Amino acid sequence: DQCSWRGSGLSHESHRRDVEQVYLRCSQGSLEWLYPTGAIIVNLRPNIEPSLGHMSGLHVCIKPQIYSQGSHVYLEHAGD
Numbered sequence: 002d003q004c005s006w007r008g009s010g011l012s013h014e015s016h017r018r019d020v021e022q023v024y025l026r027c028s029q030g031s032l033e034w035l036y037p038t039g040a041i042i043v044n045l046r047p048n049i050e051p052s053l054g055h056m057s058g059l060h061v062c063i064k065p066q067i068y069s070q071g072s073h074v075y076l077e078h079a080g081d
């Protein structure tokens, strides 16, 4: 199963710093956030069986566009 999400900061009012929440439950896919404003929270729930009680098979690649002016990435694990 694949899933993807594509959104744009242009859908928000320019003076607001909204937080976009995205929920993806799949084993592979992509996310494209055009003209980002505010923040985005991505909730990943892979459709795979966790081995030994943890998500050892979960891999995420973050690839900013060439014109990006930087970002902050925070990682949270369930139970942390």
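Note that this note's numbering gives residue 24 to position 23 of the sequence shown, counting from 1, and the numbers run on in steps of one. Every residue gets a Cβ at the ideal spot worked out from N, C-alpha and C, and that includes glycine. Computed from a prediction, not measured in an experiment: that's the story for all the values here.
Distance from the CA of Leu32 to the CA of Val20, rounded to the nearest whole angstrom, comes to 15 Å. Looking at the backbone, the Cα of Gly10 and that of Ile41 are separated by about 10 Å. Gln70: not part of any beta strand (DSSP E); DSSP gives it neither H nor E. Residue nearest to Arg7 within the set Leu35, Gly39, His73 and Leu76 is Leu35 (criterion: CA-CA distance).
Judged by their CB atoms, Tyr24 and Asn44 are nearer to each other than the 7 Å cut-off. Val61 and Ser12 have their C-alpha atoms spaced approximately 26 Å apart.
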